[in-house]
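Numbering (the UniProt record's numbering), first residue to last: 1 to 388.
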């Protein structure tokens, strides 16, 4: 193979950064690819539950670091997962505690910018089973000045978040679920985060306590998941925001275990609460009237640039011309061009065609202002999947 300019090799690898298989293939094709591909291959490491038929991932990774210690400097994002997300799969044997010595050794060699710990186990004493050596190694990670992002899920009975807040002085991003919200109340200092995501909260109570202990002076992205549509939960949270807040992006995922139209969505009070907001994303079982009301409220905001409304459409509403008329009117009154996403369950092609053939909504679909997505269910996206 002829030697290509390093800039071109870097460009190829950069465009394949999410395609691990292609990156590995490139690295095997020619040695000049190695520096560029290794950068992406080792930037994010997932240590998942072991498969009984093969060598555990943590052992494989430990062996790689032992034979090529210089690769440790390439690892920026480490994700440790205990148990299975799928309820249909067995949780298997707990492995993190058993691998504590090796995991501690791995952590001691890395200078991470992002660290994720996920536990799909509900055992109240799970944290107590972790060896002290591993806990110390985690604490050392939190102390590292290179650490900028921490994501913690499923550690309801552990001091993990409290431990984090006592050590992570340079933290810019925090993503946690409801099991860890209560620990924020005990923060001795108010972290100056740039991205905060609070996931899967069944009520707004924990969120209210959590947000009251956060310094919003530098916060740019706020993501809230699992909120109920039957009250003023979001607006109650927004009232906690200081007038000088710098939030530019607001992502909201509402719970979807309710009937369409059972609780009309309360208009978001973003005009006075988030004066610098630029991007808004709202996802849930929104009715057509909910979306029309949201558009009307957002049209008063002076800095808002982009709105994404993601809704599983109630099939009965599709044939209601009055609802679509109000939605279309609100859309046309909006001072800037926006895009709305509607989700339809797969196999409902007739409803999709019905939308496309309507005079009002059909025109918006043809222009690309309204996008139709097909999905297997109406469940909203998880904030776990959110990337800033």
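Even glycine gets a Cβ: it sits at the ideal position worked out from N, Cα and C.
Three-way DSSP call (helix, strand, coil) for residue i in this model
i	result
residue 247	coil
residue 104	helix
residue 301	coil
residue 17	coil
residue 221	strand
residue 239	coil
residue 97	coil
residue 79	strand
residue 439	The structure shown has nothing for residue 439, since the chain only spans 1 to 388.
residue 294	helix
residue 306	strand
residue 338	coil
residue 72	helix
residue 330	helix
residue 227	strand
residue 289	helix
residue 164	helix
residue 311	strand
residue 252	strand
residue 4	coil
residue 9	helix
residue 28	helix
residue 198	strand
Whole-Å CB distance - residue i paired with residue j, under 8 Å assumed
i	j	result
residue 223	residue 192	In fact, because the Cβ distance is near 17 Å, the residues do not count as touching under 8 Å.
residue 16	residue 41	At roughly 10 Å, the Cβ-Cβ gap does not stay under 8 Å, so residue 16 and residue 41 are not in contact.
residue 306	residue 338	7 Å
residue 145	residue 109	The pair is not a contact, with the Cβ atoms about 17 Å apart (cut-off 8 Å).
residue 335	residue 299	6 Å
residue 81	residue 71	No, residue 81 and residue 71 are not in contact; Cβ-Cβ is about 21 Å, not under 8 Å.
residue 23	residue 75	Between residue 75 and residue 23 the Cβ distance is about 15 Å, and since that is not below 8 Å, they are no contact.
residue 254	residue 227	6 Å
Residue i, enclosing beta strand (DSSP E) - first and last residue
i	result
residue 117	114-119
residue 282	279-284
residue 177	173-177
residue 44	44-47
C-alpha distance - residue i paired with residue j, whole-angstrom precision
i	j	result
residue 118	residue 331	41 Å
residue 73	residue 137	17 Å
residue 107	residue 363	55 Å
residue 234	residue 198	12 Å
residue 365	residue 244	38 Å
residue 33	residue 153	36 Å
residue 133	residue 83	21 Å
residue 390	residue 155	Since the first residue of the chain shown is 1 and the last is 388, residue 390 is not available in this structure.
residue 174	residue 225	14 Å
residue 284	residue 296	18 Å
residue 240	residue 308	24 Å
residue 38	residue 54	23 Å
residue 12	residue 6	10 Å
residue 66	residue 267	56 Å
residue 29	residue 8	15 Å
residue 294	residue 126	43 Å
residue 236	residue 170	29 Å
residue 59	residue 52	13 Å
residue 18	residue 311	28 Å
residue 395	residue 242	The chain is shown from 1 up to 388; residue 395 falls before or after that span and cannot be answered.
Contacts around residue i, its chain only, beta-carbon distance under 8 Å, and the 5 residues preceding and following it disregarded
i	result
residue 303	275, 276, 277 and 278
residue 394	This structure leaves residue 394 out entirely; the chain is present only between 1 and 388.
residue 131	97, 100, 101 and 104
residue 4	32
Segment limits, alpha helix (DSSP H) that includes residue i
i	result
residue 369	Premise fails: residue 369 is in no alpha helix (DSSP H) and is neither H nor E.
residue 133	132-143
residue 153	Here residue 153 belongs to no alpha helix (DSSP H); instead the beta strand (DSSP E) covers 149-153.
residue 61	57-67
residue 40	34-41
residue 84	Segment: none, residue 84 is in no alpha helix (DSSP H) and carries neither H nor E.
residue 270	270-273
7 Å Cβ shell around residue i - same chain, five flanking residues per side excluded
i	result
residue 220	194, 195, 246, 247, 248 and 249
residue 115	78, 141, 147 and 150
residue 172	148, 149, 193, 194 and 195
residue 61	45, 47 and 106
residue 326	289 and 292
residue 301	270, 271 and 277
residue 164	142 and 150
Contacts around residue i, its chain only, beta-carbon distance under 6 Å, and the 5 residues preceding and following it disregarded
i	result
residue 44	77
residue 57	47 and 48
residue 238	269 and 273
residue 324	360 and 361
residue 282	252 and 309
residue 370	340 and 364
residue 26	33 and 37
residue 50	56 and 95
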